[in-house]
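Numbering (this note's numbering), first residue to last: 140 to 399. Even for Gly, the Cβ is constructed at its ideal location relative to N, Cα and C. These notes are about the structure you will find just below.
See the structure below:
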């Protein structure tokens, strides 16, 4: 019996090439001295006040620093999703003893941050790497390595974090050192919110959400180990943060109290 067979060459040539991720165009806008990053839509992916390039301009970005209430001197910080490099730059300037890593899949975002958002060049303390955040957190070399993770992973549609499974958040937890904290940017009035909170609570010992900001963002604070909340100590720490950084840390304490 004769059987018709495709040659190996034919089979291989008919295979589709490996898919590369398709990204929306990186676009900019400016208004009232603030430069905004977009991914081809009206949704804001980050912002920088041109005269204060290292300052977290957006309220939710300020809330992403709420881990400072619990960790005064971090050794290693990682940002998942570069955005306009706001948090990466702030941490790099504010914590000179810490190393700061930023993980960004889209090379165009890194390029625009370098040219238009004052992102410094990589050095012994700053490492901006082009890779998938999913791969980063599942790399065992990163497990137990970071005191702080800041997660802000959105695409052009801004419908919710692009990585939102219990497995992803469990891998994030594995990347934290003992006492480590992760902050995550969410949309409060969106179906993705409940799904993400459920996944976070599956992975982390404690999850506290700060009050929703006027743009609809909600920042979740995820603790590797359940913290002992001493409100008076947090108030004292908040006063220090306000004095040294001008971040609105007292409002974070009020938000934590309200969530309890």
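Using CA atoms only, rank isn't needed, just tell me which of the options is closest to residue i.
i, options, result
"residue 330", "355, 312, 315, 349", "355"
"residue 389", "206, 313, 171", "206"
"residue 409", "348, 399, 225", "Absent from the model: residue 409. The displayed extent of the chain is 140 to 399, so no value can be given."
"residue 359", "188, 201, 190, 187", "201"
"residue 212", "231, 163, 335, 246", "231"
"residue 386", "203, 168, 166, 315", "203"
"residue 259", "221, 282, 397", "221"
"residue 180", "171, 235, 162", "162"
"residue 227", "246, 174, 257", "257"
"residue 169", "233, 255, 246, 209", "255"
"residue 182", "195, 278, 167", "167"
"residue 383", "172, 178, 229", "229"
"residue 178", "237, 337, 251", "251"
Is residue j closer than 8 Å to residue i when the C-beta atoms are compared?
i, j, result
"residue 422", "residue 300", "Lying outside 140 to 399, the shown extent of the chain, residue 422 is not represented and no answer is given."
"residue 187", "residue 223", "yes"
"residue 357", "residue 368", "no"
"residue 197", "residue 184", "no"
"residue 315", "residue 272", "no"
"residue 364", "residue 327", "no"
"residue 370", "residue 392", "yes"
"residue 210", "residue 320", "yes"
"residue 199", "residue 381", "no"
For residue i, would you say it is in contact with chain D, using Cβ-to-Cβ distances shorter than 8 Å as the test?
i, result
"residue 328", "The structure shown contains no chain D; it holds only a single protein chain."
Round the Cβ separation of residue i and residue j to the nearest angstrom and send it over; I've been treating them as touching at under 8 Å.
i, j, result
"residue 268", "residue 165", "About 18 Å separates the two Cβ atoms, so there is no contact after all."
"residue 234", "residue 276", "About 21 Å; that fails the 8 Å criterion."
"residue 400", "residue 244", "Lying outside 140 to 399, the shown extent of the chain, residue 400 is not represented and no answer is given."
Open item on the list: Whether or not the region 308-319 and the region 274-294 are in contact is what I'm after, with contact meaning three or more pairs of Cβ atoms, one per stretch, closer than 8 Å; do they touch?
Closed with: Touching, per the Cβ criterion.
TODO: Would you check if the region 370-385 and the region 337-357 touch, i.e. whether three or more CB-CB distances between them fall below 8 Å?
DONE: By the Cβ criterion, the region 337-357 is not in contact with the region 370-385, since fewer than three pairs of Cβ atoms, one from each stretch, lie closer than 8 Å.
- [ ] Pick out the complete beta strand (DSSP E) segments inside the region 239-294, 3 residues or longer, and give them in chain order.
- [x] Correct list: 265-269, 285-290.
Task: Ranges of the beta strand (DSSP E) found wholly within the region 148-221, counting only runs of at least 3 - done: Here the runs fully enclosed are 166-170, 173-177, 183-188, 215-219.
- [ ] Would you be able to state if there are at least three C-beta pairs under 8 Å between the region 272-289 and the region 213-224?
- [x] Taking 8 Å as the limit for Cβ pairs, the verdict is that the region 272-289 does touch the region 213-224.
- [ ] Determine, using beta-carbon pairs with one atom in the region 261-269 and one in the region 187-202, whether at least three such pairs fall under 8 Å.
- [x] The region 261-269 makes no contact with the region 187-202, as fewer than three CB pairs between them are under 8 Å.
TODO: Please specify which runs of the alpha helix (DSSP H), each continuous and at least 4 residues long, are wholly inside the region 316-370, giving them in chain order.
DONE: Whole alpha helix (DSSP H) segments, 4+ residues: 330-342.
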